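Adding 599 to a residue's 1-based position in the sequence shown gives its number in the numbering used here.
Here the structure is laid out as structure tokens; the discussion comes afterwards.
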Amino acid sequence: MTDTPPAVELHVHVEGTLEPELIMELAQRNRVALPYADLDDLRARYAFTDLSHFLDLYYANMAVLRHAEDFAAMTAAYLERAARAGVRHVELFVDPQAHLARGVGVEVVLEGVSGALAAAPAGMTTGLIPCFLRDRPAEEASEVLDALLASGTPLLGIGLDSAEAGNPPSRFADVYARARAEGLRLVAHAGEEGPADYVREALDVLGVERVDHGIRSLEDPALVARLAQEAVPLTVCPLSNVRLRAVRTLAAHPLPLMLGAGLAVSVHSDDPAYFGGYVDDNHRAVVEALHLSDEQVRTLALNAVEAAFVDDARRAELR
Ligand code: ES4
Ligand code: ZN
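What follows is the structure in structure tokens.
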């Protein structure tokens with residue numbers, strides 16, 4: 600079996616790489632009281648029923664992130680883990696509003712995360728994609744965009760995440776138009792727990808160049824045809840989909856259907872510390888559970904390279 604290791608990670612939330620051990624360590628260091636007796640008690644809470652159940656824990660655990668050094672430690676630990684998996688290019692999501700809501704400023708978050716990205720392992724290229732929380736007001740997203748731009752931190756693009764059901768992309772049309780005018784690349788989570796219509800909205804109203812998840816697009820054949828025709832990249836996160844019960848089992852994951860439909864899918868990790876694995880683990884898991892052929896494996900790896908926001912020279916190196 601030729602098992603081309605995934606070299607490109609395009610869908611990972613930095614806060615979702617916060618491992619339980621680091622949560623406990625930072626809680627001690629920052630004297631943050633957590634409602635868990637110990638590491639095992641914390642780990643026992645990782646059996647999620649759906650996206651919002653996961654998000655409750657994901658946001659709660661962020662309480663331990665207080666200083667730029669905490670964000671840097673989390674990011675550096677992730678990059679080290681990614682490098683060990685052979686990852687050569689990372690586009691990293693961060694949720695500034697989740698920290699702002701706790702009194703931690705955008706500058707603190709960016710200083711820590713982008714500082715660690717600047718010191719990424721040799722040979723690895725990186726980019727930062729702040730995401731707006733779709734379950735918070737668009738006005739707040741707009742203010743955060745101002746703060747992001749004012750920070751002077753190099754940014755690759757913007758994204759949209761958090762609780763999807765009932766929070767359509769269209770509310771963020773103005774924010775996306777502004778980001779586009781600033782030269783930022785545009786992505787959004789859509790069709791994870793929300794309907795196929797949200798994928799269409801993300802494309803038509805926000806003008807996204809890449810869709811995060813997009814698995815529910817399969818419910819709309821006309822949309823599938825369009826996504827294939829336009830070669831819209833979809834960053835699929837199989838272990839996430841199973842753990843958040845968007846998909847019943849890994850063996851029932853629609854990835855082969857998506858490949859069969861000619862969609863530009865690639866495999867990524869989402870929140871690896873919460874969902875049982877990093878991009879290499881996701882890759883191994885689907886190859887095994889779905890009995891992917893060498894050709895399918897190669898297609899997934901190539902799709903990720905083509906979907907990356909890199910220049911031609913770097914893309915040629917990654918291929
Ligand atoms: C997320 Cl799995 C998932 N879905 C939507 N928003 C998110 N933020 C972090 N992980
Ligand atoms: Zn995600």
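Built from N, CA and C at the ideal position, the CB exists for glycine as well.
Because the structure is a prediction, the values reported are computed rather than measured.
How many angstroms separate the CA atom of residue i from the CA atom of residue j?
i	j	result
residue 796	residue 816	8 angstroms
residue 882	residue 731	27 angstroms
residue 859	residue 849	17 angstroms
residue 879	residue 610	13 angstroms
residue 621	residue 733	27 angstroms
residue 832	residue 908	11 angstroms
residue 741	residue 890	44 angstroms
residue 680	residue 724	15 angstroms
residue 608	residue 868	8 angstroms
residue 600	residue 673	Confidence is the limiting factor: at residue 600 the pLDDT is only 44, short of 50, which leaves the residue's position unreliable, though a coordinate-based value still follows. When rounded, the distance between both Cα atoms is 34 angstroms.
residue 671	residue 697	17 angstroms
residue 914	residue 906	10 angstroms
residue 668	residue 630	15 angstroms
residue 605	residue 899	8 angstroms
residue 856	residue 812	14 angstroms
residue 657	residue 619	11 angstroms
residue 861	residue 902	11 angstroms
residue 735	residue 769	13 angstroms
residue 874	residue 821	31 angstroms
residue 818	residue 628	47 angstroms
residue 643	residue 826	39 angstroms
residue 686	residue 701	32 angstroms
residue 716	residue 647	30 angstroms
Does ligand 2 have even one heavy atom less than 7 angstroms from the beta-carbon of residue i?
i	result
residue 612	yes
residue 669	no
residue 760	yes
residue 811	yes
residue 869	yes
What are the boundary residues of the alpha helix (DSSP H) that includes residue i?
i	result
residue 882	878-888
residue 898	893-906
residue 858	854-859
residue 652	650-660
residue 781	Element bounds for residue 781: n/a, residue is neither H nor E.
residue 739	737-750
My output table needs one value for residue i: the three-state DSSP class, helix, strand or coil.
i	result
residue 600	Caution applies to residue 600, whose pLDDT of 44 falls short of 50 and renders its modelled position unreliable; the value that the coordinates give is listed next. The answer is coil: DSSP assigns residue 600 none of H, G, I, E or B.
residue 606	coil
residue 631	coil
residue 717	helix
residue 918	coil
residue 765	coil
residue 816	helix
residue 674	helix
residue 726	strand
residue 693	strand
residue 698	helix
residue 910	coil
residue 804	helix
residue 869	strand
residue 617	coil
residue 731	strand
Could you pull the start and end residues of the beta strand (DSSP E) that residue i belongs to?
i	result
residue 788	784-789
residue 811	809-812
residue 636	It is not in any beta strand (DSSP E) - residue 636 carries neither H nor E in the DSSP assignment.
residue 760	756-760
residue 800	Where residue 800 is concerned, there is no enclosing beta strand (DSSP E), although the alpha helix (DSSP H) it sits in stretches over 795-800.
residue 823	Here residue 823 belongs to no beta strand (DSSP E); instead the alpha helix (DSSP H) covers 820-828.
residue 865	863-866
residue 832	832-835
Let me check you understand the geometry: is the CB of residue i closer than 7 angstroms to at least one non-hydrogen atom of ligand 1?
i	result
residue 800	no
residue 722	no
residue 788	yes
residue 791	yes
residue 615	yes
residue 919	The requested residue 919 is not part of the displayed model; the chain covers only 600 to 918.
residue 651	no
residue 843	yes
residue 892	no
residue 750	no
residue 839	yes
Say yes only if the C-beta of residue i is nearer than 7 angstroms to one or more non-hydrogen atoms of ligand 3, and no if none qualify.
i	result
residue 816	With respect to ligand 3, the structure shown offers nothing to examine, as its ligands consist of ligand 1 and ligand 2.
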